[in-house]
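This report refers to the structure that appears directly beneath it.
2 protein chains.
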Amino acid sequence: MNAQFKKGILELCVLVLTAKGDKYGYELVQMISEKFFIAEGTVYPLLRRLTKEGYFSTYLKESSGGPPRKYYTLTVEGRAYMDELVSEWNTFYEGVNLIVKEGLGDGAE
Amino acid sequence: MNAQFKKGILELCVLVLTAKGDKYGYELVQMISEKFFIAEGTVYPLLRRLTKEGYFSTYLKESSGGPPRKYYTLTVEGRAYMDELVSEWNTFYEGVNLIVKEGLGDGAE
DNA sequence: TTTAGTACCTTGCAATATACAGTACTGAAT
DNA sequence: ATTCAGTACTGTATATTGCAAGGTACTAAA
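Residue numbers (the UniProt record's numbering), protein chains in the order written: chain A, 1 to 109; chain B, 1 to 109.
And the structure:
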């Protein structure tokens, strides 16, 4: 999968995936990996950055069968930022799809 | 518009927009600008790179009302690469939309 | 002659995904 | 007992690419 496509989108992904409930890093890696390849080394720095920017708060929790997990909770600002990104994403991907349709010419232009 | 979203996608855009007929740089800038913001300084280097990589061939043509235009013609390799990118894009945006749906929970998860 | 529009080019910067390397815990297989 | 796979998090160096901001140069209208 084209690595460039993911720029900015992974941010959107981790934000929306924590919207309905706290998630830990490794769990997010697995959830996103179901849809397309993602490197572990990408997610953790991203989560740290978003936390630093105030979009997440975190807490540790013990795990049976491994080291403790760091859970990420979306803050109020995080939720607002997520809404903004989702809205931008919708505008964006629809625009791209129009261009693709226009270019490939399935009779709709 | 989030600048990161466009990484790699502008490449896809200029390729598909030349699929049905040769286009010149400024024209591509205008076509893409109808859907979302794009900086002129982004498109020209991109077109040069894709030409260097063998995906475009070019020719100059006089214009009434301005300097000569540089037209870009999609090569056979360019078309193959475009097909690949379109396919990757489709997989990608559908994956992202599933994640967004999953996260925002409109009952479909 | 000055401005707006057309049309192209170039450089430096910022953002971010990846590769790669490392730490550390648990449990099953050798 | 030890090795390995899986879980879980951290950190750094690198490559790619979009943007800002500058520039050149042509035509036509104010």
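Each residue gets a CB set at the ideal place from its N, CA and C atoms; glycine is no exception.
Item to complete: Assign B:L85 to one of two classes, buried (16 or more other C-beta atoms within 10 Å of its C-beta) or exposed (fewer than that).
Response: buried
Worksheet item: Does the distance from the CB of A:I38 to the CB of B:C13 come in under 8 Å?
Response: no
Practice prompt. Please compile the residues from chain B whose C-beta is within a distance smaller than 8 Å of the C-beta of A:A19.
Written response: G103, L104 and G105
Worksheet item: Is the shortest distance between the beta-carbon of B:Q30 and the beta-carbons of chain A less than 8 Å?
Response: no
Discussion item. Is the beta carbon of B:G25 closer than 8 Å to that of B:K61?
Written reply: no
Worksheet item: Can you tell which of A:K101, A:V43 and A:L15 has the C-alpha that lies nearest to the C-alpha of A:F56?
Response: A:L15
Worksheet item: Near B:E53, which residues of its chain fall below 8 Å by C-beta distance, leaving aside the five closest residues on each side in sequence?
Response: none
Item to complete: Output the distance between the C-alpha atoms of B:F5 and B:K20, rounded to the nearest integer angstrom.
Response: Computed Cα separation, rounded: 25 Å.
Fill in: Residues in the stretch 74-101 of chain B having any Cβ partner in chain A nearer than 8 Å
L85, V86, E88, W89, T91, F92, Y93, G95, V96, N97, L98, I99 and V100
Item to complete: Check the C-beta distance from A:V96 over to B:I9 and give it rounded, since I have them as a contact under 8 Å.
Response: 6 Å
Worksheet item: Which one or two residues does DSSP pair with residue 122 of chain A in a beta bridge?
Response: Given that chain A is displayed from residue 1 to residue 109, the structure contains no residue 122 of chain A and the question cannot be resolved.
Discussion item. Does chain A have any CB closer than 8 Å to the CB of B:V43?
Written reply: For B:V43, no CB of chain A lies under 8 Å from its own CB, so it is not counted at the interface with that chain.
Worksheet item: Can you find a CB in chain B that lies within less than 8 Å of the CB of A:I9?
Response: yes
Practice prompt. Please classify B:G78: is it buried, with 16 or more other beta-carbons within 10 angstroms of its beta-carbon, or exposed?
Written response: So B:G78 ends up on the buried side.
Fill in: CB contact below 8 Å: B:F5 versus chain A
yes
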